[in-house]
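Heads up, the thing below is written out as structure tokens.
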Amino acid sequence: MENLSALPLRPFFSPSPNLRKQSIVLIDDCRSILEFHKTLLELEHYEVLTAESGAEALTLLSHISSPDLILLDMQMDGMDGIEFLIQLEKNQPYVSKNVPVVFLTSLKSVPESKAIGCIQKPTNAKKFITSVRHYIDMEVPKHSKTFSCTP
Numbered sequence: 048m049e050n051l052s053a054l055p056l057r058p059f060f061s062p063s064p065n066l067r068k069q070s071i072v073l074i075d076d077c078r079s080i081l082e083f084h085k086t087l088l089e090l091e092h093y094e095v096l097t098a099e100s101g102a103e104a105l106t107l108l109s110h111i112s113s114p115d116l117i118l119l120d121m122q123m124d125g126m127d128g129i130e131f132l133i134q135l136e137k138n139q140p141y142v143s144k145n146v147p148v149v150f151l152t153s154l155k156s157v158p159e160s161k162a163i164g165c166i167q168k169p170t171n172a173k174k175f176i177t178s179v180r181h182y183i184d185m186e187v188p189k190h191s192k193t194f195s196c197t198p
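Laid out in structure tokens, this is it:
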């Protein structure tokens, strides 16, 4: 993981001042990784809401309007990423259908699911932000597939 003090104190990309702030729900059971990714995203002017478990994220998502993206740790204690997606579809079908989900994982590939992609951990800051922007900008696919993770 990169040292935050070594990161530039300016965003990699300049957001348009006329656009609303895009929101991301970030779910990871490792607090240091959660804080690292949150800091990177906030430097890019995203609104970031965090949860340290799938159950906490489901509660959070029931109290907010739909985010623009969900970044989800694949391997968590209690409820893993696949189980989270099953529960999300069951309890909040609108969010499940309309909000893209991207796995954050150390795995090389992930099983078929409702996720639209995968970012492999650890990743450098610039690649992480580039991947997030790519997934926020893409249309949510209507089918599931197995795919390799972006390093």
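Per the numbering used here, the very first residue in the sequence shown carries number 48; after that it's consecutive. The beta-carbon is built from N, C-alpha and C at its ideal position, and this holds for glycine as well.
Return the bridge partner residues of residue i from the DSSP annotation.
| i | result |
| --- | --- |
| Thr97 | Leu73 |
| Asp120 | Leu151 |
Beta-carbon within less than 6 Å of residue i's beta-carbon, same chain only, minus the 5 sequence neighbours each way: which residues are those?
| i | result |
| --- | --- |
| Ala98 | Ile74, Ala104, Leu107 |
| Leu151 | Leu118, Asp120, Ile166, Lys168 |
| Glu94 | Lys68, Ser70 |
| Val179 | none |
| Gly128 | Leu119, Met121, Phe150 |
When the Cα atoms are used, what is the spatial distance from residue i to residue j?
| i | j | result |
| --- | --- | --- |
| Lys189 | Gln69 | With a pLDDT of only 49 at Lys189, under the threshold of 50, the placement of this residue in the model should not be trusted; the figure read from the coordinates follows. Going from the Cα of Lys189 to the Cα of Gln69 covers about 22 Å. |
| His181 | His84 | 16 Å |
| Gln139 | Glu91 | 28 Å |
| Ile111 | Met123 | 23 Å |
| Met185 | Val146 | 11 Å |
| Leu81 | Lys137 | 26 Å |
| Tyr141 | Ser113 | 9 Å |
| Val157 | Leu96 | 24 Å |
| Ile176 | Val72 | 15 Å |
| Asp76 | Lys144 | 24 Å |
| Glu130 | Glu159 | 12 Å |
Which stretch, first to last residue, makes up the alpha helix (DSSP H) that contains residue i?
| i | result |
| --- | --- |
| Thr79 | The question names Thr, yet the displayed sequence has Ser at residue 79. Element bounds for Ser79: 78-90. |
| Asp184 | 172-184 |
| Val146 | First-last for Val146: undefined, no H or E at that position. |
| Gly125 | Looking at the DSSP string, Gly125 is not in any alpha helix (DSSP H), and its letter there is neither H nor E. |
Here's a check: name, in chain order, each residue in its chain whose Cβ is nearer than 8 Å to the Cβ of residue i, leaving out the five neighbours to either side.
| i | result |
| --- | --- |
| Gln134 | Gly101, Leu105, Met126 |
Residues in its own chain within less than 7 Å of residue i by CB, not counting five upstream and five downstream?
| i | result |
| --- | --- |
| Val148 | Ile117, Leu119, Leu132, Lys161, Ala162, Ile163 |
| Ser109 | Gln139 |
| Ile183 | Gln69, Asp115, Leu116 |
| Arg78 | Glu99 |
| Glu89 | Val95 |
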